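Visitor:
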Amino acid sequence: MKVATLSIGDELICGEVTDTNQSYLATRLFDLGLRTERHLMVGDDEEAIVAALGELGAVYDVVLATGGLGPTPDDLTSAAAARAAGVPLIHSPEAQAHLAEFAKRLNRELHPLNDRQAQLPEGCGLIPNPNGTATGFRVSIGRADCYFMPGVPFEMKPMVEQTVLPALLEASGVTPALRSTLKIFGLPEAVAAAELQGVLPAGSPVQLAYCVKFPEIHLILRTPGAYPAEHQAALEALRGRMAHHLFAEDQATLDSVLAELFTTSGATLALAESCTGGMIAERITRTAGSSAWFKEGAVSYSNEAKSRLLGVAPELIAAHGAVSEEVALAMAEGARAASGAAIAISVTGIAGPEGGSAEKPVGTVYIALADAAGCRAKRHQFPGDRERVRSITCFTALNWLRRRLSTGN
123 MKVATLSIGD ELICGEVTDT NQSYLATRLF DLGLRTERHL MVGDDEEAIV AALGELGAVY
183 DVVLATGGLG PTPDDLTSAA AARAAGVPLI HSPEAQAHLA EFAKRLNREL HPLNDRQAQL
243 PEGCGLIPNP NGTATGFRVS IGRADCYFMP GVPFEMKPMV EQTVLPALLE ASGVTPALRS
303 TLKIFGLPEA VAAAELQGVL PAGSPVQLAY CVKFPEIHLI LRTPGAYPAE HQAALEALRG
363 RMAHHLFAED QATLDSVLAE LFTTSGATLA LAESCTGGMI AERITRTAGS SAWFKEGAVS
423 YSNEAKSRLL GVAPELIAAH GAVSEEVALA MAEGARAASG AAIAISVTGI AGPEGGSAEK
483 PVGTVYIALA DAAGCRAKRH QFPGDRERVR SITCFTALNW LRRRLSTGN
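Every letter in the sequence shown is one number past the one before it in this note's numbering, and letter 52, counting from 1, is 174.
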């Protein structure tokens with residue numbers, strides 16, 4: 123089965139919005155054992171959409187298209203699809219009923235422009251949209267079975283999962299591929315690749331890909347569905363080689379892993395943040411239930427706040443500077459004492475672009491951790507601009523918490 127994808131929208135062509143739909147579709151298609159052979163992107167131009175559909179429909183068995191199903195005059199996909207399929211655009215009572223039901227669910231009135239979303243190609247099959255007003259549809263164009271969905275990921279993804287992928291799996295008859303993702307931190311990509319040389323035996327059906335998602339590196343294993351034993355063996359080999367740097371797998375994240383560790387251990391946490399300005403607390407509270415173990419966080423950005431909130435002696439700051447091992451230790455100890463938490467972690471650093479010196483250049487960060495075993499601090503030198511320094515500081519602090527709870531280090 124030959125598959126292509128089509129993204130529609132001026133916002134994509136102009137670079138105002140990143141097209142995440144295509145990467146999502148390609149990933150999910152691969153999970154089914156299908157490879158996306160081509161991707162096109164066109165703007166909100168009816169002639170361009172018709173031409174793209176005709177071009178893809180002449181070559182591919184399946185086309186997945188996203189975008190252009192909204193209620194505004196520049197949403198032209200339905201009309202273009204009808205032209206490309208050689209059928210009229212007609213009013214769909216089913217799509218109109220969905221519009222009415224969706225408006226009732228949200229307790230709001232439909233705007234007259236929404237009626238445009240009930241105009242669909244004659245004879246098309248409908249793709250239910252549980253999260254929006256735009257009903258998707260399926261129509262034949264050339265040799266291709268074409269699926270049309272909204273461009274909003276929140277709407278598009280459940281339509282793909284609930285309707286499109288089951289239909290493709292049934293039609294293709296292929297065995298779904300095997301896919302595993304190991305997420306590592308603390309190694310440059312080149313070093314990780316060097317350490318994994320030879321991990322897959324010659325002739326292995328397993329493919330290993332590297333995907334950098336700063337500050338993480340994802341090791342992605344892809345294997346045809348007929349080789350589960352080979353896939354599992356490769357997975358175990360990678361786990362062994364990357365054990366020291368592996369923090370999560372597949373859908374798990376550092377945040378979710380850390381939440382599970384705190385929940386199962388019964389430990390509690392307090393934070394003292396300076397250069398990250400609350401980023402660590404924000405990440406922690408993304409996870410539902412974090413209130414059970416996250417007690418409090420202080421954003422002690424100024425020297426005065428470090429003294430008032432955390433009890434850091436002004437003399438200590440004057441002697442060593444706010445960005446120092448001594449102050450980081452005092453911040454962590456102060457946060458733990460004030461909160462009564464089992465563990466406290468602190469960060470203080472120079473995120474830039476100003477504020478650095480020869481002794482402490484931009485990117486200098488101290489992270490300290492205090493618990494019943496004592497308090498220790500580590501100095502880091504992080505590269506990059508202000509946001510990268512802040513982001514990697516946040517991730518490094520969270521990862522230290524993970525390692526402390528899971529291995530005691």
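All C-beta atoms, glycine included, are put in the ideal place defined by N, C-alpha and C. Since the structure is predicted, the reported quantities are computational estimates derived from the model, not experimental observations.
DSSP beta-bridge partners for residue 305?
Guide: Here the question's residue 305 lines up with position 183 in the sequence shown. DSSP output for residue 305 lists 340 and 370 as bridge partner(s).
Visitor: In the DSSP assignment, find the alpha helix (DSSP H) that holds residue 279 and state where it starts and stops.
Guide: For the purposes of this step, residue 279 is identified with residue 157 of the sequence shown, where counting begins at 1. From DSSP, the alpha helix (DSSP H) with residue 279 extends over 275-281.
Visitor: If I measure Cβ to Cβ from residue 280 and keep anything under 7 Å in the same chain, skipping five residues before and after, which residues do I get?
Guide: Position 158 of the sequence shown, counting from 1, holds the residue named residue 280. Cβ within range, chain order: 252 and 253.
Visitor: Kindly identify the DSSP beta-bridge partner or partners of residue 163.
Guide: By 1-based counting over the sequence shown, the position of residue 163 is 41. The partner list for residue 163 (beta bridge, DSSP) reads 129.
Visitor: Give every residue of the same chain whose Cβ lies closer than 6 Å to the Cβ of residue 425, excluding the five residues on either side of it in the sequence, and list them in chain order.
Guide: In the sequence shown, counting from the first residue as 1, residue 425 sits at position 303. For residue 425, where only same-chain residues beyond five positions count, the Cβ hits under 6 Å are 439 and 444.
Visitor: Is the separation between the beta-carbon of residue 337 and that of residue 514 shorter than 8 Å?
Guide: The sequence position of residue 337 within the sequence shown is 215, counting from 1. The sequence position of residue 514 within the sequence shown is 392, counting from 1. Yes, these two residues count as a Cβ contact at 8 Å.
Visitor: Quick check on residue 388: does DSSP put it in helix, strand or coil?
Guide: For the purposes of this step, residue 388 is identified with residue 266 of the sequence shown, where counting begins at 1. It is coil, neither helix nor strand.
Visitor: In chain order, what residues of the same chain have a beta carbon less than 7 Å from the beta carbon of residue 408, not counting five sequence neighbours either side?
Guide: Locating residue 408 in the sequence shown gives position 286, counting from the first residue. Closer than 7 Å at the Cβ level, and outside the excluded window around residue 408, lie 377.
Visitor: Under the three-state reduction of DSSP, which class applies to residue 196: helix, strand or coil?
Guide: Looking up residue 196 in the sequence shown gives position 74. Residue state, collapsed to three classes: coil.
Visitor: Answer yes or no: the CB of residue 177 versus the heavy atoms of the ligand ATP, is any distance below 7 Å?
Guide: The ligand ATP is not among the ligands present in this structure, which contains no ligands whatsoever.
Visitor: For residue 430, is the classification buried or exposed, using 16 other Cβ atoms within 10 angstroms of its Cβ as the cut-off for buried?
Guide: Residue mapping note: residue 430 aligns to position 308 of the sequence shown, counting from 1. Per the 10 Å Cβ criterion, exposed.
Visitor: Using only CA atoms, which one of 457, 149, 482 and 480 lies nearest to residue 302?
Guide: Mapped onto the sequence shown, residue 302 falls at position 180. Distances from the CA of residue 302 to each of 457, 149, 482 and 480 were compared; the closest alpha carbon is that of 149.
Visitor: By the three-class DSSP mapping on this structure, what secondary structure does residue 329 have?
Guide: Locating residue 329 in the sequence shown gives position 207, counting from the first residue. Note: residue 329 maps to strand in three-state DSSP.
Visitor: If you draw a straight line from the C-alpha of residue 267 to the C-alpha of residue 128, how long is it?
Guide: Locating residue 267 in the sequence shown gives position 145, where the first residue counts as 1. Locating residue 128 in the sequence shown gives position 6, where the first residue counts as 1. Approximately 13 Å between the Cα atoms of the pair.
Visitor: On a CA-only basis, which of 299, 186 and 231 is nearest residue 263? Give me that one, please.
Guide: On the sequence shown, position 141 is the one that residue 263 refers to. Considering only 299, 186 and 231, the residue with the shortest C-alpha distance to residue 263 is 186.
Visitor: Touch check for the segment 290-301 and the segment 196-216: three-plus C-beta pairs under 8 Å?
Guide: no
Visitor: How close, in whole Å, do the beta carbons of residue 501 and residue 473 come, if the pair is a contact with beta carbons under 8 Å?
Guide: Locating residue 501 in the sequence shown gives position 379, counting from the first residue. Locating residue 473 in the sequence shown gives position 351, counting from the first residue. Rounded, the Cβ-Cβ distance is 15 Å, inconsistent with contact.
Visitor: Are there 16 or more other CB atoms within 10 angstroms of the CB of residue 166, so buried, or fewer, so exposed?
Guide: Taking the sequence shown and counting its residues from 1, one reaches residue 166 at position 44. Under this definition residue 166 is a buried residue.
Visitor: Can you find the residues in the same chain that come closer than 8 Å, C-beta to C-beta, to residue 363, ignoring five residues on each side of it along the sequence?
Guide: The residue given as residue 363 occupies position 241 in the sequence shown. The beta carbon of residue 363 sits closer than 8 Å to those of 317, 318 and 321, all from its chain and outside the five residues before and after it, given in chain order.
Visitor: Assuming residue 273 contacts residue 260 under a Cβ cut-off of 8 Å, what Cβ separation, rounded to an integer in Å, is found between them?
Guide: To locate residue 273, count along the sequence shown from 1; it is residue 151. To locate residue 260, count along the sequence shown from 1; it is residue 138. Going by Cβ atoms, the distance from residue 273 to residue 260 rounds to 17 Å, so no, they are not a contact pair.
Visitor: Taking all protein chains shown into account, do 16 or more other C-beta atoms lie within 10 angstroms of the C-beta of residue 372, making it buried, or fewer, making it exposed?
Guide: In the sequence shown, counting from the first residue as 1, residue 372 sits at position 250. Per the 10 Å Cβ criterion, exposed.
Visitor: Where does residue 284 fall in DSSP's three states?
Guide: In the sequence shown, counting from the first residue as 1, residue 284 sits at position 162. The answer is helix: DSSP assigns residue 284 an H, G or I state.
Visitor: Just curious, the alpha helix (DSSP H) that residue 533 is in, first and last residue?
Guide: The shown model of the chain, from 123 to 531, leaves out residue 533, and the question about it has no answer.
Visitor: Per DSSP, what kind of secondary structure is residue 146 in: helix, strand or coil?
Guide: Here residue 146 refers to the residue found at position 24 when the sequence shown is read from its first residue. Three-state result, residue 146: helix.
Visitor: State yes or no: is the C-beta of residue 454 within less than 8 Å of the C-beta of residue 492?
Guide: Residue numbering aside, residue 454 sits at position 332 when the sequence shown is read from its first letter. Residue numbering aside, residue 492 sits at position 370 when the sequence shown is read from its first letter. Their beta carbons are under 8 Å apart, which means residue 454 touches residue 492 by this criterion.
Visitor: Can you give the Cα-Cα distance for residue 172 and residue 206, rounded to whole angstroms?
Guide: Looking up residue 172 in the sequence shown gives position 50. Looking up residue 206 in the sequence shown gives position 84. For residue 172 and residue 206, the gap between their C-alpha atoms comes out near 5 Å.
Visitor: With DSSP as the reference, label residue 171 as helix, strand or coil.
Guide: Locating residue 171 in the sequence shown gives position 49, where the first residue counts as 1. DSSP, read as helix, strand or coil, puts residue 171 in helix.
Visitor: Use the C-beta contact count for residue 143: other C-beta atoms within 10 angstroms, 16 or more gives buried, fewer gives exposed.
Guide: As a working mapping, residue 143 is identified with position 21 in the sequence shown. Around the beta carbon of residue 143, 16 or more other beta carbons sit within 10 angstroms, so the residue counts as buried.
Visitor: By alpha-carbon positions, which one of 481, 498, 484 and 125 ends up nearest to residue 465?
Guide: In the sequence shown, the residue the question calls residue 465 occupies position 343. Residue 498 is the option with its Cα nearest to residue 465.
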